[in-house]
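Chains as they are written, first to last, in our numbering: chain R, 1 to 824; chain F, 1 to 286.
Ideal Cβ placement from N, Cα and C applies to all residues, glycine included.
Being a predicted model, the structure only gives us computed values, none of them experimental.
Some notes on the structure that comes next.
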Amino acid sequence: MAASGGEGEVVEVSVRIAIVGSGPAGLSAAGRAAQLGISHVLLEKTDHLSDTIYKYQKGKHVMATPSSLVLRSDLDFEAGKREAILDIWDEQTASLKIDVHYDADVVKIEGEKGAFVLSLKGGDTIRAEAVILAIGTQGNPNLLRCAGAELPHVQYQLDDPTEYVDEHVTVVGTGDAGIENALGLAADPAQGNVVTILNRGTEFARAKPANVKLLQEAEAAGRITIRYETTPAEVRPGEFVLDTRDGQETIRCDRIIARTGSAPPRTFVESCGIAFTSPEREAFPVLSPVFETTRPGIHVIGALAGYPLIKHCMNQGYDVVEFLNGNTTLKPADEPILAEKFAPLSGNRSVAEWLDLFGSRIEIFRDISALQLRELMLDSDVQAFTKGQAVFERNEPGSSLFAIAQGSVLVEVSKDDPSITVPIREGSIFGEVGLISGRRRGATIRAAEDLIVVELSRAAALKLIATAPAAAKAVNRISVERQLLQIFGSGLTREDVAELVEGAEVEEARAGKIVLKEGDEGNDIYIIRRGSMIVERDIAGKSVFLSYLPAGSYVGEMAVIDGAPRNATVRAAIRSEVIRLPGEAFVRLLEKKPALLRKARSEVERRKEINSFIEGRKENFSSVVDMYSQTAQFLVDNGIGEATDVLLIDETLCVGCDNCEKACADSHDGLSRLDREAGTTYAHLHVPTSCRHCEHPHCMADCPPNAIQRGVDGEVFIDETCIGCGNCQRNCPYGVIRMDAVPPKKSSLLSWLFLGKGPGPGEPSKTWRKKNAEGTEQPKKAIKCDMCSGIDGGPSCVRACPTGAAIRVSPEAYLSVALLAEED
Amino acid sequence: MASVSETGRGANREYQSSHEGFLRHRGFRWMKIAAALCVIAIAAYFLTDPKPRPSGSTWVGYTLGTIGALLIVWLSLLGIRKRAITEGRWSLKAWTSAHVYLGLSLIVVATLHTGFQFGWNVHTLAYALMMLVILSGLFGIWAYSSLPSALSNNREQMTQGQMIDAIRALDRQLNDAAQPLARAQSDLVIAALEEDPFAVGLMRRLSGNYPQCATQAAILGLAGEHDAACERVEKLLVRRKAQLERLRRQMRLKAMLEVWLYVHVPATMALLAALTAHIISVFYYW
């Protein structure tokens, strides 16, 4: 069989199965092959087994989820410390007599089923009848390409930043990995490291904004030096020569950490002739139920196949070798879990039959492989409902997606009258709004007949959308269709809008992009799917702000109805997404539906009135409308364009009593969530530092415990699971989130009023808080406006304003030139 | 629908925040109510002809007195309402609006209640205190309706904290720039730096007039000098003066917005005491 290659001599090995990668999947496959006595070789590119786990930080506890899944492997694995797990595997690899080749980096796979040739770096080749790729998703780090890059003080990873003291360290690359390493090395000034980070350009395009902010703060504090437009020229012992904008420069450097990204294994996998499900980054290789790829004879298992959990990987290693060994009756190890999941369903079907039913009936599952469906089902729930039972109720929290496998449901569209319903048929989905906005359920959904639904967690659904283009298309189509039905009102059916849905295209519009231009021809209609738009007209050389359109509105129908050119310019206020609908199809729809035509006409009439109002003002134009346009633009510049509900202060009324702040503090644990005085002002309209409840909240982007949610009334709030990491505070462009600990409880208002006890209304002073702190220190958590959710009467800041200066507005109601007409 | 994006946002919660000041609240609702109250009170006073003469002890007098007393108690509760941030559909703006107009109606109600009988007694004391409260309130209405725009214009998006920081920053620069100056001149600068903008009396603060301003004195003192260091210091002092003036205007306006409360609130307390004495004595001598 095989032996490691000696110095200089080219070794050729010939085996039945070549396994590439010695992670849990590859190791388990090799173990099975060894146990079955199949000639095999396990190729590992490093000098140790299971590199990904090897690189975990010291003493990391490795989890063994899902606990219900049975482990089927010749190697043992249970939750425990990284070291213990690696030791057991090393031991068992030896006792099972697994044939491991270390430092064996496969660069090419040629040949075909029965006669593959694997070329290794260094010239060795391996002949194998079948290949199992278990290389994971880690990829290879990009190497430093300059003289001296092979010197020992150049490294491509940083396990433990606290290991290094009093060193001059240079980090190459300003992606997240590089920034995090640099911050780690400079975190503790006591370590005495001098940290420099090299940025090839002047921007940080590849890093998370929160990381960039931390890095820039570290630079401002003098803890890190950032060198822009700088690339490595030469590595020397103790020195680093840099190419800068102004020529070469040599700096002292004891250690170089190169984090210039890694080449994902996909390139290599594709070069082996293996197809992926889609061009998306998250896509996985197309696999048969026995893990065979589109290139016969090559199999893919483990994380690369889309299974990141260790137990899954090990089971697949076992299974794939069994399949290769001709075992066709082997049931996957997850069979009992699925059987248990499907047990409550009536119909007496086997797991395979159920999967078959789901796969064929449910639209979004139609194009995914049996393997993917199995995996998806493990993350999902299957539920049966009897006729009339509610699947979920209006205002329930929840962001999962439901797919109807059998039966149909009725949606109670009206809040007040449950008898008004809209059906959703078998095979379709519901609850998809949760995927987009994370809002609570907008309606109650009941089973119209006996019902079986598959409930996909938000994460599972997003993964499905990312990996299966057909599913993404189906979800998109359904959401466009529902949006159309909702916007154009009742009386329309799916069939009526089918043509529109067919021709619909989703387009991105970055902030400021003009979607419609005044005077242009064209009759397409646009629905604003996310983001918002502003409508302007050019009057006497000045652009006049007409109105603000939030997500869910549509524009462009006037041109369809009266055939005239566009009569206003529409541009995106923030990054938005529009659905473009073909005008011709809309014309045909209007012809068929006179009620819709009437509705559209009356809408057009209303807009014409506003236009004529503006036209009428043209002569003595100047101040009023001009002022209005500028004020509107000021508000849009201040983020009102992405707000859903914002606090404004009319400074012609505000007496500066700060009762709004006091009310805010007294409504929320004694901490105010707004700063009245700070913020910008234009024409006496003041935008205080307070949450705007953005359409797509920046704060939600990077919350580790997922503690930021959107509530029933559109409020964005932070729940009690906040861990106080401060990401949201850094991500908020408006600076409205503060980190603070809940102050001690105050005595009641009356005992303050009559007995002078406690600090009185409003936020207690720091000194009072310190003096009255009881026992343990409270942790600092993120706090922000929640629009006084759960408090009867609405936002306290507005209720507590004595003069009416504080108002809360939704931008679409506030930003309309029509208000000027009303004031006349 | 669960699957449909919402257009009417925040639709589940009905709260209104109409853009109207407290004086115009709901189309002058409380002004109308207060006016109606006055008209009814006047009508009752002139349409009845009590013997021996109109006074607090006729049935009209008792009615007006009861209304007045209840109004006074209710009006004084604004102080609690303002600070008790309880749940519920109350709006402090509506309370303020009612407070203003019903408070003004007291002029009519209480005056008619007296039947124009005044003397040196606790009854007239209560009346006088009430008028004092109302007059200070009138000043408050004037201040609340005319000063906020001035306050907003003056601060130009700066917070009071930022104004103080701006002055402190200039102070640091002045401290450095003044090092080369001669004794006499540096004394002027030191005096300017040591002047506490907050340590002034109420009248000074309200008038906004600072004839003894040390910064101004330093500017004048350095005006004649022509060497570079002096000119630099002078420029800084002029900027300091501008910042200081902004801060003083801010303090003046804020003081005007608050000062009347120092009459209004204690006078209310005194009024409540006098009112109690008035009511008890009336019933004691029933």
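Between the beta-carbon of residue i and the beta-carbon of residue j, is there less than 8 Å?
i	j	result
L247/F	E234/F	no
P594/R	D520/R	no
C694/R	I708/R	no
I527/R	L549/R	no
P332/R	D319/R	yes
V626/R	K542/R	The sequence shown places Asp at residue 626/R, rather than the Val named in the question. Contact flag set, yes.
L158/R	I257/R	yes
A41/F	V100/F	no
L464/R	A474/R	no
T681/R	E651/R	yes
L27/R	T93/R	yes
G913/R	A678/R	Nothing in the structure corresponds to residue 913/R, since chain R is present only between 1 and 824.
I132/R	I251/R	no
Is there at least one non-hydrogen atom of the ligand ZN closer than 7 Å to the beta-carbon of residue i?
i	result
G679/R	For the ligand ZN, the structure offers nothing, since it holds no ligand at all.
Nearest chain F C-beta to residue i closer than 8 Å, yes or no?
i	result
T803/R	yes
I807/R	yes
N659/R	yes
H684/R	yes
T170/R	no
I561/R	no
V655/R	yes
D792/R	yes
Cα separation between residue i and residue j?
i	j	result
E129/R	V13/R	12 Å
A800/R	K93/F	7 Å
S262/R	A701/R	24 Å
A149/R	A79/R	39 Å
M130/F	V282/F	18 Å
W768/R	W752/R	14 Å
R249/F	T268/F	29 Å
E375/R	A461/R	12 Å
G175/R	L635/R	34 Å
I362/R	R477/R	14 Å
F365/R	V382/R	14 Å
F139/F	P743/R	38 Å
I want to see whether chain R comes within less than 8 Å of residue i, judged by CB atoms only; does it?
i	result
E20/F	yes
A84/F	yes
S152/F	yes
L247/F	no
L202/F	no
Q117/F	no
S3/F	Here the model assigns S3/F a pLDDT of 26, short of 50, so the residue's position is not dependable, and the following value carries that caveat. Yes - at least one Cβ of chain R is within 8 Å of the one on S3/F.
T159/F	yes
A273/F	no
H226/F	no
Check for me: the beta strand (DSSP E) holding residue i runs from which residue to which?
i	result
Y548/R	K542 to P550
V171/R	H168 to V172
F323/R	Careful: F323/R lies outside any beta strand (DSSP E), inside the alpha helix (DSSP H) at I310 to L324.
I404/R	L401 to Q406
What first and last residue would you give for the alpha helix (DSSP H) that runs through residue i?
i	result
K826/R	For chain R, the structure presents residues 1 to 824; residue 826/R sits outside this window and is missing.
F586/R	G583 to K592
P688/R	Element bounds for P688/R: not the alpha helix (DSSP H) but the beta strand (DSSP E), L685 to T689.
V107/R	Note, V107/R: premise wrong, no alpha helix (DSSP H); beta strand (DSSP E) at V106 to E112.
E481/R	P469 to I487
For this session: Give, in chain order, every residue of the region 135-151 of chain F whose Cβ lies closer than 8 Å to some Cβ of chain R.
Result: So the list reads A143, Y144, L147, P148, S149 and L151, given in the order they occur along the chain.
For this session: Give, in chain order, every residue of the region 230-255 of chain F whose Cβ lies closer than 8 Å to some Cβ of chain R.
Result: From the region 230-255 of chain F, only K254 have a Cβ closer than 8 Å to chain R.
Exercise. Name the residues in the region 83-112 of chain F whose C-beta lies less than 7 Å from a C-beta of chain R; which are they?
Worked result: R83, A84, I85, E87, G88, R89, W90, S91, L92, K93 and T96
For this session: Check each residue of the region 659-675 of chain R: if its Cβ is closer than 9 Å to any Cβ of chain F, include it; give the result in chain order.
Result: N659, K662, A663, C664, A665, D666, S667 and D675
For this session: Return the residues of the region 257-272 of chain F that lie within a Cβ-Cβ distance of less than 8 Å from chain R, sorted by chain order.
Result: L257
Problem set entry | Residues from the region 238-272 of chain R in contact with chain F, defined by Cβ distance under 7 Å | none
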